[in-house]
Amino acid sequence: MNIKEFLTKASVSCGVSGFEHMNVSEIVKDSMSGLVDQIQTDALGNVIGIKKGEGSEPRPKIMLAGHMDEVGLMITKIENGGFLRFTTSGVDQRVLPGHEVVVYGKRPLTGIVGTKPPHLLSREEFEKPHKVEDLFIDTGLPEDEVRELVRVGDVATYKREVTELMGGLMAGKSLDDRAGVAVMLVCLDELKKYKVCADVYAVATTQEEVGSRGAAASVYAIGPDIGIAIDVCQGDTPGVSEHRTTFVGKGPTITIGSTIHPKIADALRKAAGEVGVSLQQKVAPAGTGTDAGALHISREGVATGLISIPQRYMHTSVETLSVKDVQDAGKVLARFIASCDWGFVEELKTWN
65 MNIKEFLTKA SVSCGVSGFE HMNVSEIVKD SMSGLVDQIQ TDALGNVIGI KKGEGSEPRP
125 KIMLAGHMDE VGLMITKIEN GGFLRFTTSG VDQRVLPGHE VVVYGKRPLT GIVGTKPPHL
185 LSREEFEKPH KVEDLFIDTG LPEDEVRELV RVGDVATYKR EVTELMGGLM AGKSLDDRAG
245 VAVMLVCLDE LKKYKVCADV YAVATTQEEV GSRGAAASVY AIGPDIGIAI DVCQGDTPGV
305 SEHRTTFVGK GPTITIGSTI HPKIADALRK AAGEVGVSLQ QKVAPAGTGT DAGALHISRE
365 GVATGLISIP QRYMHTSVET LSVKDVQDAG KVLARFIASC DWGFVEELKT WN
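What follows is the structure, given as C-alpha cells:
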C-alpha cells in the first residue's frame, strides 16, 4: 500500500483529542477498508478494524493500538476586535508565535498566532518566553463575523502541509501518532503473506494525548490476550543526550521496562531478525507515556509490548520521521503476529 499517501492525507486532517470524528477517523476507516473483515466505531470514537484468524474458535486475540488524535488548541474567548484567545492541549506554546492555524468553527478558518511585537515589549517581557495568555489567533475577519462562525470550545490545529526531506524523511503535524496508525496498515497488508491463527484487532485509538482514554475503553471491551502499542519516540536531535533518543532512519524501536512483558520484547526481536529489520531499543523503568500504560493494567492484565518510530520535534508542526522505519515496523509486527498461537499465550503466564 502507498503509506506515504496515507501519512500525507492523515497528517493534514483534523483530530484534536476528543474531536477525532471531525476528519481523521473517516480517513482511517477508508484506509482500513479491504485490509480487515469488519470495522467498528465505539462510543469513544475508537476505530476498530477486525481481521479474523484461521482455524476454529476460540482464537487468541491480539490488540494493536496506535492513536489517531493530535495535540491542538481550544478557543476560550472571543475578544473585542474578533481576536481569539485559546488554551493548549499538548502544544508547546514556545513554538506558536507566527504559526498559521486552522480554526474549526462553522467552517474552517485560517488564522495566524499573534502576540505583542518585540518593539513594544518591556525589557522584562523580552527576556521571558511567551505564555499562552500572551497569544491570540487573528483570522482577519471582523468581530461580528468571527462571533457568527466561532464558538468557545471550538478547536484549532497547526496549518501545515507535509514536507518530504532528503533521505526518505517526512515532516508534518500529527505524525505523532498517525505514523502508528500507518504501521498498523502496513502490518494488516503484510499479514496477507502469512497463515495467522489469531484474531487481530487494529485499533486507531482516541484521546491518547490526554490520558490514553480510548485505549483503556477499547481494551476493556476487546479483552485481548496480547496488546501491542505503536507510537513514536524521541529521535536523535542536536543538544539532546543520545541515551534519551534513538536514531531516525535506523529502524523502529522496542521498549524494555515494567510495562512491557519481556517475552513479547524477545518475540519482537526474533520477528525482526526473521524479516531482516534492525531494531533499536530504549528503556522505560516506570511508564512509557503511551497506550501501553492502559493496555497492560486493563481487566486482569494484558501482556503488552511497545514498538515505536523515532521522531524529531515532537508536538510541533514539523514532526520528522523516516517512512522506512514505519514500513519496517509494520513488517516486524506482522511476522510477530504470525508466530502467536495459544502456546505462546500460555508461555506469557510464566516469568522464568
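For the sequence shown, our numbering assigns the number 65 to the initial residue and increments by one for each residue that follows. Even glycine gets a Cβ: it sits at the ideal position worked out from N, Cα and C.
Short Cβ contact (8 Å threshold) for residue i with residue j
i	j	result
L213	R149	no
A348	T323	yes
D101	I114	yes
I371	V396	yes
I292	L128	yes
G232	K388	yes
V312	G299	yes
A281	D133	no
I373	V247	yes
G394	C251	yes
R376	T384	yes
L249	I67	yes
I294	I126	no
S75	S238	yes
T221	V304	no
L71	A279	no
V155	L137	yes
I142	G217	no
S81	I91	no
G365	L343	no
V135	E273	yes
G275	R363	no
L199	V177	yes
V210	G146	yes
Alpha helix (DSSP H) segment containing residue i, residue limits
i	result
M96	V88 to M96
G278	R277 to I286
Residue i: first and last residue of the uninterrupted beta strand (DSSP E) it sits in
i	result
R149	L148 to S153
G407	Segment W406 to E411 is the alpha helix (DSSP H) holding G407; no beta strand (DSSP E) there.
A107	Here A107 belongs to no beta strand (DSSP E), and DSSP marks it neither H nor E.
Residues bridged to residue i [DSSP beta-bridge criterion]
i	result
R376	T384
E134	V80
Q298	Q375
A266	G113 and L128
G291	M127 and T368
Under the three-state DSSP convention, the category residue i falls into
i	result
P326	helix
V100	coil
T140	strand
V111	strand
K68	helix
L397	helix
V390	helix
V274	helix
L75	The sequence shown places Ser at residue 75, rather than the Leu named in the question. Here S75 sits in helix by DSSP.
E121	coil
Could you give the uninterrupted runs of the beta strand (DSSP E) lying entirely in the segment 184-264, keeping only those of 3 residues or more? 200-202, 219-222 and 233-236
Quick check on the DSSP output: what are the complete alpha helix (DSSP H) runs of length 4 or more inside the segment 309-370, in order along the chain? 326-338 and 356-360
Every unbroken beta strand (DSSP E) within the segment 153-182, with a cutoff of 3 residues, ordered by chain: 164-168 and 172-178
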